[in-house]
Each structure stands twice: as C-alpha cells, then as structure tokens.
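Asks: Submitted below is the structure of interest, expressed as structure tokens.
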Amino acid sequence: MKTITSRDNAQYKDLKHLATSSQARRKAGRTLLDGVHLCETWLQLRGHPEQCIVSETALHNPEVAAIVAGLEAEHAHVLCFPDALYAALSQVEHGVGIMFLVETPQRATPAALSVNAVLLDNVQDPGNVGSILRSAAAAGIREVYCSAGTAFCWSPKVLRAAMGAHFVLDIFENVELAPLLDGAPIATLATSGYARQRLYDVDLKQPVAWVFGHEGQGVSDQLLNLARHQVVIPHLGQVESLNVAACAAVCFFEQVRQNLD
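According to my numbering, the sequence shown holds residues 2 to 262 in order.
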C-alpha cells in the first residue's frame, strides 16, 4: 500500500480531475467506482481494478479491510489518502471510503441488432439512465446503445443508480441510432403516449430492441417512424405519462413474463 499525503501529488491530481470532470473521464477512458458494493461487484465480475483508493479511516471498516487485504495479497495497487484528501475525490456523501479506478470498456458498435437491446435517445437524467441499465440487466438484456445526447453511462451518478449493472452489459455510447433501427432484423419497439397499439398486445417472445426517449420530448420523430412498432403502456390514473425509467421496467418485464409463460 502506498500512502499519499500531499494534494500536490501528481497521482492525486489526476484522480481528482477524473473524479470531478465527465470530459476527463471520457478522454481518459477511465472512471471511479465509489463504494463497497460497486467495488465488490467489479471484483466478482471483472477482476482487479487498475487501482484501489482508500481513506485512512476506511481501513478500520471490516468490509474495506477485507477488500484491501485481498488485493494486496495479489500485489494489486492500493493508494491510501488522509480523509480530507479522499473526501475531495468522492462523490458519495457519507461514503465508506473506498473506490476503484477502472477502465471503461471501448467497444465497436455492431453492424446490426441481433439480441435483446435498449436504445436510449437523448435520455439526459443520470438517475434515469442508471435505473434503466439496472432493469435491463435484471431482465437479461445484454446490449445498450446510447445516442450522443444521452447521459454518460460511466458517470458517478449513473454508476450508483445502476448498482453494478454496467458490469454485465455491453454498453455502446455516442451511437447513431437511426442506422441500427433502419431495416433491423429483429423487432423494434418505441414507446409513445400517442401510440394506439398497447404494449400487452405485442408478441415479445422474440428478440426486441426497445427505444426510449428524452424525459420531456420522448422518442424523436425520426426514430418513431423507423421503429416497427409504436406502443403505449395503458394506465388508469389521471397522469400524463410514466417516468422513462418506470416505463422501461414495465416493458422489460412484460417481455420476461411472456417468455416465462
């Protein structure tokens, strides 16, 4: 374990830049996983991080101490910071004091859709994006395609909301969604409050690409027109529409229900 006590240290400066700048995370192809749950899930599903970062106080936490001991036993890189320096890195209020520095996967976009997938068209709220990723992973969906206007999936808020879903998904960002939908070999469904076809009347037993749009404007007209089906989720209460993350969860688990029947 290496202890760093100066905020002028080059490693510390690099970490702080990553912690506070989405642009820096995109450029570096790296991000920080903050908290025991995300770190443990990464270890289980992806292996060692590039670095483990802990606060001095966190070393007295049994869960953190166990993670650090396991990493040190395998000669992984562990950095320790005084609590004040660590606090400037963490985006979690009252966190336990551990984070991992990891590479964010860089994948080439497939030429065509072939399995259950989610397409996010300008979904801007990080909490919504994270919730959609979490529901998609729980429903067994593997691929997520994000337009340029969608929240960066590897930002701290999205990571926290997704609760480790990133590590079982193939996530593609800054994707032109229209070419994927145009002539797609699998069913494509876009949600719209103005659609006439009900979600529950569509056969979802084959692979489906789900399209969800901006929180206020919905799916763009271009993508709506390219989707094979436009569907609405019927509701009884006197509200205009569902939150996009709630809408996605209903859709995913209606597909699960149909495939379990």
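Positions of the beta carbon are idealized from the N, C-alpha and C atoms, including for glycine.
By how many angstroms is the C-alpha of R31 removed from the C-alpha of E216?
Replies: As a first step, residue 216 must be located in the sequence shown, where it is residue number 215. As a first step, residue 31 must be located in the sequence shown, where it is residue number 30. Taking the straight line from one Cα to the other gives about 28 Å.
Asks: Is it right to say L46 is buried, meaning 16 or more other beta carbons lie within 10 angstroms of its own, or is it exposed?
Replies: What you label residue 46 is simply residue 45 of the sequence shown in a count that begins at 1. Answer is exposed; the Cβ neighbour count stays below 16.
Asks: Which one or two residues does DSSP pair with C40 in a beta bridge?
Replies: In the sequence shown, residue 40 corresponds to position 39, counting from 1. Its beta-bridge partners do not exist; DSSP assigns none.
Asks: Quick one: Cα of L123 to Cα of A74, how far?
Replies: Position 122 of the sequence shown holds residue 123. Position 73 of the sequence shown holds residue 74. Reading the sequence as shown, one finds Asn at residue 123 and not Leu. Going from the Cα of N123 to the Cα of A74 covers about 44 Å.
Asks: Could you pull out every residue in the same chain whose Cβ sits closer than 8 Å to the Cβ of A83, ignoring the five residues on either side in sequence?
Replies: Taking the first residue of the sequence shown as position 1, residue 83 is located at position 82. As written in the sequence, residue 83 is Pro, which differs from the Ala given in the question. For P83, where only same-chain residues beyond five positions count, the Cβ hits under 8 Å are T6, S56 and E57.
Asks: Give, in chain order, every unbroken run of the alpha helix (DSSP H) that is at least 4 residues long and sits entirely within the region 160-247.
Replies: The region 160-247 contains these whole alpha helix (DSSP H) runs: 178-182 and 222-227.
Asks: Rounded to whole angstroms, what is the Cα-Cα separation between I142 and S132?
Replies: Walking along the sequence shown from the start, residue 142 turns up at place 141. Walking along the sequence shown from the start, residue 132 turns up at place 131. One C-alpha to the other measures close to 14 Å.
Asks: Taking all protein chains shown into account, decide if N117 is buried (16 or more other Cβ within 10 angstroms of its Cβ) or exposed.
Replies: Residue numbering aside, residue 117 sits at position 116 when the sequence shown is read from its first letter. It is buried - the Cβ of N117 has at least 16 other Cβ atoms within 10 Å.
Asks: Starting from the N-terminal side, write out each stretch of the beta strand (DSSP E) that is 3 residues or longer and does not extend beyond the region 75-115.
Replies: Within the region 75-115, the complete beta strand (DSSP E) runs of at least 3 residues are 79-82 and 99-104.
Asks: What is the residue span of the beta strand (DSSP E) that L34 lies within?
Replies: Numbered from its first residue, the sequence shown carries residue 34 at position 33. Element bounds for L34: R31 to D35.
Asks: Is the region 187-206 touching the region 155-166 in the sense that three or more CB pairs, one from each, lie closer than 8 Å?
Replies: With a cut-off of 8 Å, the region 187-206 and the region 155-166 do not count as touching, because too few Cβ pairs lie within range.
Asks: Note down, in chain order, each residue of its chain lying with its Cβ closer than 6 Å to the Cβ of D222, except the 5 sequence neighbours on either side.
Replies: Here residue 222 corresponds to residue number 221 of the sequence shown, with the count starting at 1. No residues qualify anywhere along the chain.
Asks: DSSP on D15, reduced to helix/strand/coil?
Replies: Position 14 of the sequence shown, counted from the start, is the residue given in the question as residue 15. DSSP places D15 in helix when its eight states are reduced to three.
Asks: Nearest by alpha-carbon distance to E104: which of V37, Y146, A246 and W155 is it?
Replies: What you label residue 104 is simply residue 103 of the sequence shown in a count that begins at 1. Among V37, Y146, A246 and W155, the Cα nearest to that of E104 is on W155.
Asks: Take S193 and list the residues in its own chain whose beta-carbon comes closer than 8 Å to its own, dropping the five residues that flank it on each side.
Replies: The sequence position of residue 193 within the sequence shown is 192, counting from 1. Result list for S193: G219, V220, L225, Q231, V232 and V233, in chain order.
Asks: Is it a yes or a no for the region 199-207 touching the region 168-184, going by three-plus beta-carbon pairs under 8 Å?
Replies: The region 199-207, when compared against the region 168-184, does not touch it at the 8 Å Cβ threshold.
Asks: Mind checking which residues open and close the alpha helix (DSSP H) that includes I133?
Replies: As a working mapping, residue 133 is identified with position 132 in the sequence shown. It spans P127 to A139 - the alpha helix (DSSP H) in which I133 sits, taken as one unbroken run.
Asks: Compare the Cα-Cα distances from Y13 to each of V209, A113, I54 and K28 and report the closest residue.
Replies: Along the sequence shown, one-based indexing puts residue 13 at 12. Considering only alpha carbons, the answer is I54.
Asks: Would you kindly work out how many angstroms separate the C-alpha atoms of F101 and R197, rounded to a whole number?
Replies: Here the question's residue 101 lines up with position 100 in the sequence shown. Here the question's residue 197 lines up with position 196 in the sequence shown. Cα to Cα, the separation comes out at about 47 Å.
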